[in-house]
Structure formats: C-alpha cells, structure tokens
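Residue numbering for the sequence shown follows the numbering used here, beginning at 1438 and increasing consecutively.
Worksheet: one structure, shown below.
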Amino acid sequence: MSTRAEILRMLSDGAFHSGTDLGKRLGITRAAVCKNIRRLTQSGLDVHRVTGRGYKLDAPLTLLNRSRILKHLGAAAADFRDRLHVLDETDSTNRHLAELISHAKTMNGMVCLAEAQSGGRGRRGRAWVATPYHNLMFSMAWQFPGGPGLVSGLSLAAGLAVLQALEEYGVDGTGLKWPNDVLWDGRKLAGLLADVQGESAGPTQVILGVGVNGYIGREDAERIDQPWVDLRNILGETADRNRLAALVMRHLRSMFQEFAAKGFAPFREAWSSRHLYHGRRVRLIQGDREFLGTVEGIDENGGLIVHLGKDRQVFHSGEISVRPMT
Ligand code: BTN
C-alpha cells in the first residue's frame, strides 16, 4: 500500500488525527505526512487541517480492498480471483485493462478497479470527474466471436446491469437514460463507456468502463457540467464500494454471458420499462446536428426510435435532453 493510501486508511474513520501520530504510525516525519496530505488535496480530496487537532476527512470513506471484494462475491469469487486488479492510481481503468488483456490468455471477466484516475474518460470526448478514494471506477473485459456490429445494444444491456446492481445494493428510484446513463431524480448517478475493437468478421473485444458516483468533493463538483448525484446524497452515508464493486461484477458478468448467447433481445423489455425518456419530447444531439422529436421506444438492437414530425428515425448514437415545451 502506498504512503498516501496508508494515510487515508487511518483518516478513513472521519476523526481527527494529528500529523505527529500519523507520522509515528507510518515511520515518517511530520513534514512527509504534510507533503502526502497536500498531494491528496491536490487530487481533489477534501482534507481539513485544524491547528492543535490535526487532519480530518470531510467525508469518511472505505478503501477498496481486494479480499473484501472477493468475500462479497461469494461463490463467484473463484472465477474472478485471478482476474481482479485493484490499483491505487492509473490514467484510466479502460486503458489499463486494455494493456492487461494484451498479455492475457483469456480476457473474459478480467476486471480493473482504481482509487484514482488521472485521465478518466467519459462519453463524447468528455473527461470523467471522480474524487479519488470515494467513487467506483471500474472496467470489465469480454470477447465476442462475431464482428463489432453484434455488440450494438451491449452498452444498453450493461447500463441495465449496473442499475440492477445498484438496486441490489439498496438504491431505490433509479432509471435509465438512453443510451446508458443511470439517473436518480433526473440526475446522473452512473455512466458507462464501451471501448470496442475488432475486425468485421470478428472476434470483437469489449472493454466496458463504469463510473458510479460515491461522493464528489466540493471542487470536483464545480467541474461537472451536467446534473449529477452521488450515493452519499442518496443514502445519507458512505457507500461500501467493495460490496458495490462485487455486485456490479456479478451483474455485468451474467449480462455478458447472456448477451453472448442471445444478443440484446432478452434485455429489451426490462430496459424499456426503466427508460425515463419514453414518450417524452426530446432534443437529440448527434455531432453538430440536432433533432427534435418524441421518444417512441428502442428497437431490437437498442437503437432509439424517435418520432420526428411525419417521420420516425432510429438513432444509434447521440445524446438526448428533455425538450422544453414551447
Ligand atoms: C460517461 O460519460 O457517462 C461514461 C463515464 C465512464 C467513466 C468510467 S470510470 C472507469 C472507466 N475508466 C474511464 O476512463 N472511464 C470509465
């Protein structure tokens, strides 16, 4: 464990700890403690310092722990034991996993989780903002024998799997926004990014990245350019990210297995019933083009069917927002 992570483990109870005490327990100087705390605050964590009392985290946290994740996986742990990589920091778990699978014999179910990402990526070229040590930053790999066309619909099915994992965790009131955002009270709780690679004849390799907001610190909150919510807001307490990671792993793995066998069809009805934009008037943005219409549903491949005046059109990419009534 890095010194930075050790300090965080001690601060994770949310109580005050003096620099002298932290230094003694770690065998480092007070100045070294101070330097590590400064690095933590620079990475977006809110650590308070009060003269005479020491350091305290704004919000308590639980560190990611490989053994705890495996314990929460129960019977499924055996399948993941050699495939689970938990990191302190990387640029992006999707990128890191792509490197890991290039050296691996089999990639299915290989997982990478990180406490911090220095270059987290979101959809549509956005950066993914997530305060270190508080959020779920997760990627899972899977290979399909067919060409990339076969996996359209996969990212929708994956969004449904993440929603189901959140429900099993105890988060009620979530819904989906096409193509794969998980919302709560109209605000984004989780987002997914699928990196797909392969020849037209197959095989196709998919790296599916999932970001779930556990807690977003004050400074990071200002950098997010869309309505968002975190688990701390919803549940009123710090989420157990190890349990949540295990649930996301189980749900995603069974989704990948079923999708490989049957495609999107078995997910279509459940997905549609959770779509928050069904029947709503929306604005759909695709590159620099904009369409105004009413959402009619999704087709058998997960494309969004939009009624545009006289026509209906199916969209396979883009971003929707509610269209104000005029
Ligand atoms: C979105 O914009 O909604 C997609 C967000 C995906 C973020 C996750 S965090 C883990 C993985 N690594 C990345 O760089 N991005 C994804």
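Glycine is no exception: its CB is placed at the ideal position from the N, C-alpha and C atoms.
Report yes if the CB atom of residue i is closer than 8 Å to the CB atom of residue j, and no otherwise.
i	j	result
residue 1545	residue 1579	yes
residue 1732	residue 1745	no
residue 1440	residue 1463	yes
residue 1454	residue 1448	yes
residue 1526	residue 1567	no
residue 1626	residue 1620	yes
residue 1451	residue 1508	no
residue 1495	residue 1654	yes
residue 1564	residue 1645	no
residue 1518	residue 1612	no
residue 1593	residue 1704	yes
residue 1700	residue 1715	no
residue 1588	residue 1641	yes
Got a sec? Which residues, its chain only, sit under 7 Å from residue i by beta carbon, not counting five neighbours each side?
i	result
residue 1651	1571, 1572, 1573, 1667, 1668, 1669, 1676, 1678
residue 1467	1456, 1457, 1460
residue 1736	1742, 1751
residue 1768	Outside the modelled stretch of the chain, which goes from 1438 to 1763, sits residue 1768, for which no answer is possible.
residue 1697	1581
residue 1473	1440, 1441, 1444
Output needed for residue i: all residues of its chain with C-beta closer than 8 Å, excluding positions within five of it in sequence on either side, in chain order.
i	result
residue 1719	1729, 1730, 1731, 1732, 1743, 1757, 1758, 1759, 1760
residue 1542	none
residue 1688	1598, 1599, 1601, 1602, 1605
residue 1727	1720, 1721
residue 1524	1530, 1533, 1549, 1550, 1551, 1552
residue 1586	1637
residue 1713	1612, 1613, 1614, 1620, 1623
residue 1707	1597
Note the first and the last residue of the continuous beta strand (DSSP E) segment covering residue i.
i	result
residue 1628	1624-1635
residue 1578	1573-1581
residue 1752	1748-1752
residue 1722	1718-1723
residue 1728	1726-1735
residue 1586	Segment: none, residue 1586 is in no beta strand (DSSP E) and carries neither H nor E.
residue 1757	1756-1759
residue 1516	Element bounds for residue 1516: not the beta strand (DSSP E) but the alpha helix (DSSP H), 1514-1517.
residue 1648	1641-1649
On the criterion of 16 or more Cβ atoms from any shown chain inside 10 Å, does residue i qualify as buried, or is it exposed?
i	result
residue 1614	buried
residue 1660	exposed
residue 1529	buried
residue 1657	buried
residue 1576	buried
residue 1540	exposed
residue 1618	buried
residue 1647	buried
residue 1751	exposed
residue 1485	exposed
residue 1569	buried
residue 1515	exposed
residue 1488	exposed
residue 1553	buried
residue 1753	exposed
residue 1591	buried
residue 1672	exposed
residue 1664	exposed
residue 1755	buried
residue 1607	exposed
residue 1634	exposed
residue 1680	buried
residue 1557	buried
residue 1724	exposed
residue 1562	exposed
residue 1475	exposed
So residue i is in the alpha helix (DSSP H); what residue range does that whole segment cover?
i	result
residue 1472	1467-1479
residue 1661	That residue, residue 1661, is in no alpha helix (DSSP H); it is neither H nor E in DSSP.
residue 1443	1440-1448
residue 1534	1530-1539
residue 1555	Element bounds for residue 1555: n/a, residue is neither H nor E.
residue 1690	1678-1699
residue 1508	1503-1510
residue 1710	1702-1710
residue 1611	Note, residue 1611: premise wrong, no alpha helix (DSSP H); beta strand (DSSP E) at 1611-1614.
residue 1461	1456-1463
residue 1671	1668-1672
Using a Cβ-Cβ cutoff of less than 6 Å, which residues in the same chain neighbour residue i once the five nearest sequence positions on both sides are dropped?
i	result
residue 1470	1456, 1459, 1460
residue 1639	1582, 1583, 1584
residue 1649	1573, 1627
residue 1490	1453
residue 1683	1506, 1509, 1510
residue 1513	1687
residue 1549	1522, 1530, 1533, 1534, 1576
residue 1632	1531, 1644
residue 1693	1579
Mind the definition here: the segment 1496-1503 touches the segment 1596-1616 only if three or more C-beta pairs lie below 8 Å; say whether that holds. Not touching, per the Cβ criterion.
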